[in-house]
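*Asks:* Protein chains in written order, with the working numbering: chain A, 120 to 339; chain B, 1276 to 1521. The C-beta atom is built at its ideal place from N, Cα and C for all residues, glycine as well. First the structure, which I've put down as structure tokens, then a few questions once you've had a look.
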Amino acid sequence: MIIGESGSGKTTLLKCMVGLNEIDAGEVLFDGRNFYDLDFNGKKEIRKEIGMLFQGGALFDSKTVEENVAFPLSMFTDLTESEKRDRANFCLQRVNLPDANKLYPAELSGGMKKRVAIARAIAVQPKYLFCDEPNSGLDPKTSIVIDNLIKEITDEYGITTMVITHDMNSVIEIGDNIMFIYKGDNWWQGSKEDILKTDNQEVCDFVYATKFMKNLKTKF
Amino acid sequence: MNIFFHFGRYYILIKRAFGKPEKLSLYKDRIFEEMYSLGVGSLGIVAIISVFMGAVITIQTAFNFESPLIPPYAVGVAVRDTMILEFSPAIVSLILAGKIGSSIASEIGTMRVTEQIDALEIMGINSAGYLIFPKIIASVLFNPILIIFSMFLGILGGYIFGLMAGVVTDFEYILGITYAFRPFNVIYALIKTAVFAFIIASVPAYHGYYTKGGALEVGRSSTKGVVYASVLILAFDLILTQVLLV
């Protein structure tokens, strides 16, 4: 998980990792393959292994939920229409949206959009899943549903998942390895247990910014 | 310097748009979808404008031809040549730049600010190719049909309203529209239309594709797309007229 204040560079880092932003220095390795050393086709192959959950869902407005989920299958597989439909509906069922297939994105709530976006991301069975603030704009209950879904899918499909968030509940709920970004730098790195015990001032200011977390700290 | 920056970026985008498609069959479907939404959806406005412009040109021309040295069939000649040479290819293209251009820029601009284009890129899809190529091809293929439709309706509108207003007779008008007809004029109009169609689809698409920000910027991109497309249509109208007719 990558955490940090707003404007600290979390989304920029994520966009650099998936090739949406160009990098000035360094390298981005996917199983030893440096993304930025690859040619267009090489990058395309890596991108086919990536699933991404955008902050707003980034669903295609002109397509139904089912078409959105089946879209990557249409582009990169030779499945028949019924096979694509079956796969899309299986993915929608997996994210607990079995009856939403004929709806358009405009007819969905924020949480449903995120779930459809997860279904679309897993439709092509990616090796890596990147999530950009999956809980933004969601109520606490729906946030937990999305967090758990990400965790379950990560374990079930053996995916490497990277989540960007500033929601400490998510960190505690599903975080394994945590990186804290501060003013564009990798400021702190550790486990979920470590972050609650650290005495790094910037990390503490961020983690214990809410009363709830402060109260939790006193219990440690 | 700014103009070179935009020209270079536009060139790179169009080159990407014409890159190898991921799946040809999907692009074919997209072209037909775009033909329907951009082309068929414009039939109504093109029909209304063409009929009324044909009628107005007929009545105005007849009103201004007072000299007895000018034969009455000259009204038909004037309407035909105005519609074929300039009104249908250039003025209708300007109107389409407003209608289609704003729709293309705002659609692609909204896709940009809502990260839909990023989503395409992440999937390994050439977003420029998937979004812009079908719009350009649909426009270049369908706009000439719209323009021929406009020529026909303009001349028909002139005929109907000319007769109703009593400014021209049936025989004089038909003689006029067939008198000294040069088929090359239609070819010239279609060449112009194809070039204008490319501008109408590609320039607003460029402005939409590079939109940054939110809803306000989408509106600005849409306006810029229409303005630049209109200016380029006028500039290419002059250039093509010079090259093809002179």
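Can you pull out the residues from the region 1476-1492 of chain B whose beta carbon lies closer than 7 Å to at least one beta carbon of chain A?
*Replies:* Listed in sequence order: no entries.
*Asks:* Compare the C-alpha of Phe1456/B against each of Asp1356/B, Gln1517/B, Gly1384/B and Ala1365/B and name the closest.
*Replies:* Nearest of Asp1356/B, Gln1517/B, Gly1384/B and Ala1365/B to Phe1456/B, Cα basis: Asp1356/B.
*Asks:* Excluding sequence positions up to five away, which residues of its chain have a Cβ less than 7 Å from the Cβ of Ala1504/B?
*Replies:* For Ala1504/B, where only same-chain residues beyond five positions count, the Cβ hits under 7 Å are Ala1372, Gly1376, Ile1474, Ile1475, Val1478 and Pro1479.
*Asks:* Which one of Thr279/A, Cys323/A and Asp266/A has the shortest CA to CA distance from Gln244/A?
*Replies:* Of Thr279/A, Cys323/A and Asp266/A, the residue nearest in Cα terms is Thr279/A.
*Asks:* How would you label Glu1390/B, buried or exposed, when you count the other beta carbons within 10 angstroms and need 16 or more for buried?
*Replies:* Buried is the call here.
*Asks:* Hey, how far is the Cα of Ser1496/B from the Cα of Val1506/B?
*Replies:* If you take the alpha carbons of Ser1496/B and Val1506/B, they lie about 15 Å apart.
*Asks:* Which whole-angstrom value is the C-beta distance of Glu185/A and Lys233/A, which I expect to be below 8 Å?
*Replies:* The Cβ separation is near 17 Å, so there is no contact.
*Asks:* Based on the DSSP secondary-structure assignment, which residues constitute the bridge partners of Asn305/A?
*Replies:* Beta-bridge pairing links Asn305/A to Ile300/A.
*Asks:* I want to see whether chain B comes within less than 8 Å of Leu132/A, judged by CB atoms only; does it?
*Replies:* For Leu132/A, the answer is no, since every Cβ of chain B falls outside 8 Å of its Cβ.
*Asks:* Per DSSP, which residues does Cys250/A bridge with? Please list them.
*Replies:* Leu172/A and Val282/A, per the DSSP bridge assignment.
*Asks:* So Leu248/A and Gly170/A are supposed to be a Cβ contact under 8 Å. How far apart are they, rounded?
*Replies:* Right, the Cβ-Cβ distance comes to about 5 Å (below 8 Å), so this counts as a contact.
*Asks:* Taking C-alpha atoms, which residue in Glu1447/B, Asn1460/B and Asp1512/B lies nearest to Met1426/B?
*Replies:* The option with the nearest alpha carbon to Met1426/B is Asn1460/B.
*Asks:* Report yes or no: is there a C-beta of chain B within less than 8 Å of the C-beta of Lys167/A?
*Replies:* Chain B, which has a Cβ nearer than 8 Å to the Cβ of Lys167/A, makes this yes.
*Asks:* Between the region 1286-1304 of chain B and chain A, which residues of the former have a C-beta closer than 7 Å to a C-beta of the latter?
*Replies:* From the region 1286-1304 of chain B, only Glu1297, Lys1298 and Leu1301 have a Cβ closer than 7 Å to chain A.
*Asks:* Just mark Thr1333/B as buried or exposed, buried being the case when its beta carbon has 16 or more other beta carbons within 10 Å.
*Replies:* It is buried - the Cβ of Thr1333/B has at least 16 other Cβ atoms within 10 Å.
*Asks:* Does any C-beta atom of chain A lie closer than 8 Å to the C-beta of Ile1400/B?
*Replies:* With 8 Å as the cut-off, Ile1400/B counts as an interface residue toward chain A.
*Asks:* Here's the rule I'm using: 16 or more other beta-carbon atoms within 10 Å means buried, otherwise exposed. How should Arg1284/B be labelled?
*Replies:* Looking at its Cβ environment, which holds fewer than 16 other Cβ atoms inside 10 Å, Arg1284/B is exposed.
*Asks:* I need the DSSP call for Phe179/A, collapsed to helix, strand or coil.
*Replies:* Three-state DSSP puts Phe179/A in coil, outside helix and strand.
*Asks:* Would you mind working out which of Ala1413/B, Asp1445/B, Val1331/B and Phe1282/B sits nearest Ser1257/B, comparing C-alpha positions?
*Replies:* Outside the shown range of chain B (1276 to 1521) lies residue 1257/B, about which nothing can therefore be said.
*Asks:* Name, please, each residue of chain A whose Cβ falls closer than 9 Å to the Cβ of Glu1396/B.
*Replies:* The answer, in chain order, is Val137, Gly138, Leu139 and Arg166.
*Asks:* Starting from Ile122/A, follow its DSSP beta bridges and name the residues at the other end.
*Replies:* Answer is Thr284/A and Phe299/A.
*Asks:* What does a CB cutoff of less than 6 Å around Asn319/A pick up in its chain, not counting 5 residues either side in sequence?
*Replies:* Contacts found: Trp307.
*Asks:* Can you check which of these residues, Ile1508/B, Ile1422/B and Val1331/B, is closest to Tyr1434/B by C-alpha distance?
*Replies:* Residue Val1331/B is the option with its Cα nearest to Tyr1434/B.
*Asks:* So for Phe1408/B, helix, strand or coil by DSSP?
*Replies:* Helix, per DSSP.
*Asks:* Closer than 8 Å, CB to CB, is Asp1393/B near chain A or not?
*Replies:* Yes, because at least one Cβ of chain A sits closer than 8 Å to the Cβ of Asp1393/B.
*Asks:* For Thr1385/B and Ile1345/B, what's the separation of their Cα atoms in angstroms?
*Replies:* Whole-angstrom Cα-Cα distance: 55 Å.
*Asks:* Buried or exposed for Asn187/A, going by 16 or more other Cβ atoms inside 10 Å?
*Replies:* That one is buried.
*Asks:* Give the residues of chain A in contact with Glu1309/B, contact being defined as C-beta atoms less than 8 Å apart.
*Replies:* Result: empty, since nearest Cβ-Cβ is about 11 Å, beyond 8 Å.
*Asks:* Can you pull the chain B neighbours of Pro191/A, defined as C-beta to C-beta under 7 Å?
*Replies:* Met1398, listed in chain order.
*Asks:* Taking Glu1447/B as the query, report the chain A residues whose CB atoms sit under 7 Å from its CB, ordered along the chain.
*Replies:* Correct list: empty, because the minimum Cβ distance to chain A is about 51 Å.
*Asks:* Output needed for Ser201/A: all residues of its chain with C-beta closer than 8 Å, excluding positions within five of it in sequence on either side, in chain order.
*Replies:* So the list is empty, once near-sequence residues are dropped.
*Asks:* Below 7 Å CB to CB, which residues in the same chain sit around Gly256/A once its five sequence neighbours on both sides are set aside?
*Replies:* Cβ within range, chain order: Gly229.
*Asks:* Run through chain B and tell me which residues come within less than 7 Å of Ala207/A, C-beta to C-beta.
*Replies:* Under the 7 Å cutoff, chain B gives no residues; its nearest Cβ is about 15 Å from Ala207/A.
*Asks:* Going by beta-carbon coordinates alone, are Val290/A and Met120/A separated by less than 8 Å?
*Replies:* Cβ distance < 8 Å, so Val290/A and Met120/A count as in contact.
*Asks:* State the beta-bridge partners of Arg152/A as determined by DSSP.
*Replies:* According to DSSP, which records beta bridges pairwise, Arg152/A is partnered with Phe149/A.
*Asks:* In chain A, which residues lie with their C-beta within 7 Å of the C-beta of Thr1389/B?
*Replies:* What Thr1389/B touches in chain A: Gly175 and Ala177.
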